[in-house]
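Which chain is which? The protein sequence lines are H and Y, in order.
In terms of this note's numbering, the first sequence has 100 at position 100, counting the first letter as 1, and numbering is strictly consecutive.
In terms of this note's numbering, the second sequence has 1038 at position 38, counting the first letter as 1, and numbering is strictly consecutive.
Don't be surprised by glycine CBs; every beta carbon is placed ideally from N, CA and C.
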Amino acid sequence: MENQSMKEWLQEKRIWVPFQIVTKIESSRLNATSFLVGGWKENEKITEYTAVLDDVQSDSRKGDVTAKVLFLSNDMKLINDDFENIDCDELSYGPKIFRTKNEYGHYFIPKGTKLLKVDTQKDEEGHQVLWYVPEVLYDKYCRDRGLENLFTKKTDEVEEEILTFSDMLERVGISKTSIQSLFARMSRVKGSLLKQYEKLMGREEEKEKRGEEVTIS
Amino acid sequence: MTVENAKVYREVFEVLKLFPNSFIRKVPKEKILYVYEHMDHEMSFSISKEEFDPTCLSEETIAILTMLFRDYWATEEERKALLLAMKKNEEKEKSKQALRNRLCRTIKAESVR
């Protein structure tokens, strides 16, 4: 088990529950008070850990948010010590990942893991609930949501070739008339409508505001 | 999020499914995921390459595709051409609107007399 690769480990597990971080946003500074870590759903039982974020620091310029995490098991016992004996795995498809098991044999994601925000909701008490997934599990998260067609590599695809957008459309079998019609419609898009969706989905210049990520340090 | 937006995102998602991964990967995953998380999952709707007809897509869908094209897919030349065409069309639309307004004012003035 100890020599098991991350990929094998992922395959062995059945359902993955994303992480949930409950936060209160105060004066645009992330002030996380509690941190729920969703684990793997094993035998219909979701293993959850509660953790308290300590020493939260945010770099407003970069938007980085870092915090020390004190992990508590379900019986509220401090289990941070478990992180000291971490097992490292060099992944062929991603950065170095640390994985470990607690005293009950449950896996959890330890410090050093970069988390990517995937959703924002509000809970019943009005707290902002941010959903994060560890960066290395992002692809799996997307695949679990039926996005595999968008993120998995098709073997028949010529990756290295540089295609223009219209070449690409033609290559996938879209008629020239349709391509011309698409370009004609794109050139008539109203600036106001474009701005509206830029606001909703984020502008390129603002993309990857590092506030979207949290690193457990 | 409005219901209308949910439908728009679904339309965008279906269009993106037609594109090869090499193009999809140029778009930050957060954006693709945003579309996915906000789209209408109940709506029965799909587009095939053969049926792909931009004239049937909503204006909002075209706006999102334009944004993605401008920011991630277009070459520098294509981007410039698009921005120029958009500017020209917007100016044309503005002068048309000005003409319409002037016409309205003239008709109003005539009817008062």
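| Would you call PHE1045 of chain Y buried or exposed, if buried means 16 or more other Cβ atoms sit within 10 Å of its Cβ? | PHE1045 of chain Y counts as exposed, since fewer than 16 other beta carbons sit within 10 angstroms of its beta carbon.
| field | Chain-ordered chain Y contacts of GLU198 of chain H [CB-CB under 7 Å] | value | For GLU198 of chain H, the residues of chain Y that pass the 7 Å Cβ criterion are MET1067, in the order they occur in the chain.
| query | How far does the alpha helix (DSSP H) with THR1055 of chain Y in it reach, from first residue to last? | reply | Unbroken run through THR1055 of chain Y: none, as it is neither H nor E.
| Along chain H, in chain order, which residues have C-beta atoms closer than 8 Å to that of GLU1042 of chain Y? | Within chain H, no residue comes near GLU1042 of chain Y; the closest Cβ sits about 14 Å away, beyond 8 Å.
| message | 7 Å is my cut-off, CB to CB: does THR238 of chain H come that close to chain Y? | response | Residue 238 of chain H lies beyond the stretch modelled for chain H, which goes from 1 to 217, so this question has no answer here.
| Nearest CA to the CA of MET1086 of chain Y: which residue from Y:THR1066, Y:LYS1017 and Y:PRO1020? | Ranking the options by Cα distance to MET1086 of chain Y, first place goes to Y:THR1066.
| said: Between the segment 1022-1033 of chain Y and the segment 1046-1060 of chain Y, can you find at least three pairs of beta-carbon atoms closer than 8 Å? | reply: In short, these stretches do not touch, since the Cβ pair count stays below three.
| field | Cβ separation of VAL1169 of chain Y and ILE1047 of chain Y, assumed to be a contact under 8 Å, to the nearest whole Å | value | Because chain Y here runs from 1001 to 1113, residue 1169 of chain Y falls outside it and cannot be looked at.
| field | CB contact check: ALA1006 of chain Y to chain H, cutoff 7 Å | value | The beta carbon of ALA1006 of chain Y sits no closer than 7 Å to any beta carbon of chain H.
| task | List the residues of chain H that THR1055 of chain Y touches, going by C-beta distances under 8 Å, in chain order. | result | Going along chain H in sequence order, the residues near THR1055 of chain Y (Cβ under 8 Å) are SER181 and ARG185.
| task | Leaving aside the five residues before and after TYR1009 of chain Y along the sequence, list all residues of the same chain whose C-beta is less than 6 Å from its C-beta, in chain order. | result | Cβ within range, chain order: VAL1035, HIS1038 and MET1039.
| said: Rounding to the nearest angstrom, what Cα-Cα distance links ILE1064 of chain Y and ARG1070 of chain Y in this structure? | reply: Taking the straight line joining both Cα atoms gives about 10 Å.
| Collapsed DSSP secondary structure at SER175 of chain H in the structure displayed | Three-state DSSP puts SER175 of chain H in coil, outside helix and strand.
| Which of helix, strand or coil DSSP assigns to SER1095 of chain Y | SER1095 of chain Y: helix per DSSP, three-state reduction.
| said: On the CB-based measure, 16 or more other CB atoms within 10 Å of its CB, does MET201 of chain H come out buried or exposed? | reply: In summary, MET201 of chain H is buried, with 16 or more beta-carbon neighbours lying within 10 Å of its beta-carbon over all protein chains present.
| task | State the DSSP-derived secondary structure class of LEU1016 of chain Y, mapped to helix, strand or coil. | result | Assigned with DSSP and collapsed to three states, LEU1016 of chain Y falls in helix.
| Residue from Y:LEU1018, Y:GLU1051 and Y:PHE1013 with nearest C-alpha to LEU1033 of chain Y | Of Y:LEU1018, Y:GLU1051 and Y:PHE1013, the residue nearest in Cα terms is Y:PHE1013.
| field | Cβ-Cβ separation, PRO1054 of chain Y to ARG185 of chain H (assumed contact under 8 Å), whole Å | value | Your pair ARG185 of chain H and PRO1054 of chain Y checks out as a contact, with CB atoms roughly 5 Å apart and the cut at 8 Å.
| What number of angstroms, rounded off, separates the C-alpha of MET168 of chain H from the C-alpha of GLN196 of chain H? | Rounded to whole angstroms, the separation of the alpha carbons of GLN196 of chain H and MET168 of chain H is 27 Å.
| field | Buried or exposed (CB count within 10 angstroms, at least 16 for buried), LEU1099 of chain Y | value | It counts as exposed.
| request: Determine the DSSP secondary structure at LEU163 of chain H, reduced to helix, strand or coil. | output: Coil at LEU163 of chain H, not helix or strand.
| task | Grab the span of the alpha helix (DSSP H) containing MET201 of chain H for me, first residue to last. | result | Membership of MET201 of chain H in the alpha helix (DSSP H) is indicated by the continuous run 191-201.
| query | Mind listing which residues of the segment 1074-1089 of chain Y have their C-beta closer than 7 Å to chain H's C-betas, in chain order? | reply | Result list: ALA1074, THR1075, GLU1078, LEU1082, ALA1085, MET1086 and ASN1089.
| task | Would you mind telling me which residues of chain H sit closer than 7 Å to GLU1059 of chain Y, beta carbon to beta carbon, in chain order? | result | Within 7 Å Cβ-Cβ: LEU193.
| said: Just to make sure I have the definition right: I need the residues of chain H whose C-beta is within less than 7 Å of the C-beta of LYS1049 of chain Y. Which are they? | reply: Chain H residues near LYS1049 of chain Y: VAL172, GLY173 and ILE174.
| field | Proximity to LYS1007 of chain Y [Cα-Cα], best of Y:LYS1017, Y:LYS1029 and Y:GLU1042 | value | Measuring from the Cα of LYS1007 of chain Y, the nearest candidate turns out to be Y:GLU1042.
| query | Are there 16 or more other CB atoms within 10 angstroms of the CB of ALA1074 of chain Y, so buried, or fewer, so exposed? | reply | It is buried - the Cβ of ALA1074 of chain Y has at least 16 other Cβ atoms within 10 Å.
| Same chain, Cβ closer than 6 Å to LYS1096 of chain Y, neighbours up to 5 away in sequence not counted | Within the same chain, LYS1096 of chain Y has no close Cβ partners at all.
| task | Count the other CB atoms, across all protein chains shown, that sit within 10 Å of the CB of LEU1084 of chain Y; report buried if there are 16 or more and exposed otherwise. | result | Taking all protein chains shown into account, LEU1084 of chain Y has fewer than 16 neighbouring C-beta atoms within 10 Å of its C-beta and is therefore exposed.
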